[in-house]
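Some notes on the structure that comes next.
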Amino acid sequence: MYTEGLDPKVERLYPSVAFPVPRKDADDFQPDTMEIHEHSFHVPVYSPVIRGFRREFHFDKEDSYLLEYKVGAGPLLPSVGPPPVGVGGVSRKTTEKL
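Put into structure tokens, the structure is as follows:
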């Protein structure tokens, strides 16, 4: 769900647990079963704000010819195009239409 851009608010799915557990809810447990409830776990909260991205490409010497093709100041990778220009152009046009 996070990768699709949704914020499922996992922390709201279940009520917070109150310790000790009331006896009426614990009848299924053996009476001598003891648990230590000292731990609290952090639930990450999804933030939909994307501030940007950066990609680094590392080429071996035999593949350095790929960096010879340039558009502006950045390399143009075969069949990929310049990622920052392509993504930036699409996002600008999309936001202008909205």
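Each residue of the sequence shown is one higher than the one before, starting from 1320 at the first, in this note's numbering. Idealized CB from N, CA, C, for every residue including glycine.
Legend entry - Which of helix, strand or coil DSSP assigns to K1328: Reduced to three states, the DSSP call for K1328 is coil.
Legend entry - For T1322, the three-state DSSP class (helix, strand or coil): Three-state DSSP puts T1322 in coil, outside helix and strand.
Legend entry - Distance, Y1365 Cα to T1322 Cα: Near 10 Å, if we compare the C-alpha coordinates of Y1365 and T1322.
Inset, instruction - Quick one: grab the DSSP three-state call for Y1384. - result: When DSSP states are grouped into helix, strand and coil, Y1384 belongs to the helix group.
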